[in-house]
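See structure below.
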Amino acid sequence: MLLEEYSALDCKLLETFQNRLVVTSSCLAIMSNTFFIIISDADETYAFILHFINEAHMMIMVWYFNSFAVLGSMLYRSINYRVSHAVDLLRDFDNNVTYWNGHKARKSKVCRDVLHEIQHLCYLHRLTKRTLQEIRELFQLPILLTVVYEFTLVISTIYYTYTSFVSDVRDGVANNYAAYASSLFYMCCMANQFFLRALFFEQVTRRAQRTGVLLNEFIESEVDHEVDQSIEFFTLELLHQNYKIDLFGLFSVDMSLIYQAVAAMTGYLIIMVQVQLAE
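The sequence shown stops at residue 283 when you use the working numbering, and every number in between is there.
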């Protein structure tokens, strides 16, 4: 239903993004796991196969979740474009005062058209938010588990790579740089996935909130009372909505999650390294 409302929606853009996301993630997964095969023993190959199957299942959920974020961002962008166009019609009353004072009937018609457009856009904005919230309800458990997995993996990889390197140096053992590279490369893949997810939903939130800014750029325009009321109603509805995507109310999926994760990882790593050095 939502897609039918946007004739200008570039579905090829979403399809292109999905294809690139799948190809990029698949290539990174294959490369990181190839490192594992090269440096592992024959008995570990079976464990690798099971790990790769579980990882593929996780990546599919992440791909869908990220794709919905891009779709929501595109829908909000389309709404903002139409809001901006409607507001420009109202602002033209100030730019061409003489013309509109001589064409009262035409001005009333423009106000009625803008009124219907704003009411319709208010409905679409509300429907888009509701749809994204329903999608969030569907995916929040697997995505929460994925976030916890990525967070734990990044910390453990950095810590165990550091401790393994220090231990090899102390014992005079030849450093296994291939193993270090394999672990760090896989960690970078997970960290990149973590960052992109937060970035996509940060964009969704910003575009949803930007509608209110675009809606009130006509402040000095003289408009009908009904138009003024519809804009005020739309604005109040935007102000009373939370457009951030959260997981079970624990945290929001946006750039603030990145800052919190980096701060937490730094603290945990410092504590773990100090404990290791004290032993």
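Even glycine gets a Cβ: it sits at the ideal position worked out from N, Cα and C.
Report buried or exposed for Tyr247, applying the criterion of at least 16 other Cβ atoms within 10 angstroms of its Cβ. By the Cβ neighbour-count rule, Tyr247 is buried, with 16 or more other Cβ atoms within 10 Å of its own.
Inter-stretch contact at 8 Å, needing at least 3 Cβ pairs: the stretch 160 to 178 / the stretch 231 to 241: Contact between the stretch 160 to 178 and the stretch 231 to 241 is absent, because fewer than three Cβ pairs lie under 8 Å.
Measuring alpha carbon to alpha carbon, tell me which residue in Asp117, Met194, Gln280, Arg140 is nearest Val152. Checked all of Asp117, Met194, Gln280, Arg140; the closest Cα to Val152 is Met194.
When DSSP labels each residue in this structure, what does Leu254 get in the three-state scheme? Assignment of Leu254 by DSSP, reduced to helix, strand and coil, places it in the coil class.
In chain order, what residues of the same chain have a beta carbon less than 6 Å from the beta carbon of Cys126, not counting five sequence neighbours either side? Shown here for Cys126: same chain residues with a beta carbon closer than 6 Å to its own, the five before and five after excluded, namely Phe238 in chain order.
Following the continuous alpha helix (DSSP H) through Gln245, name the residue where it begins and the one where it ends. Note, Gln245: premise wrong, no alpha helix (DSSP H); not H, not E.
If the criterion is Cβ atoms closer than 7 Å, does the pair Thr150 and Met62 meet it? Yes; because the gap between Cβ atoms is below 7 Å, this pair is in contact.
Closest residue to Ser187 among Leu203, Val170, Val266, Val158 (Cα-Cα distance): Ranking the options by Cα distance to Ser187, first place goes to Val158.
If you run the structure through DSSP and keep just helix, strand and coil, what is His89? Annotated three-state conformation of His89 is helix, per DSSP.
Can you grab the Cα-Cα spacing for the pair Arg201 / Arg110, in whole Å? Just so you know, the alpha carbons of Arg201 and Arg110 end up roughly 47 Å apart.
Do you know offhand how far Leu93's Cα is from Val114's? Answer to the nearest angstrom: the Cα atoms are 8 Å apart.
Alpha-carbon to alpha-carbon, Glu241 and Thr1: The shown model of the chain, from 5 to 283, leaves out residue 1, and the question about it has no answer.
With burial defined as no fewer than 16 other Cβ atoms inside 10 Å of the residue's Cβ, what is the status of Ser11: buried or exposed? In this predicted model, Ser11 has a pLDDT of only 44, less than 50, meaning its place in the structure is not dependable enough to derive any value.
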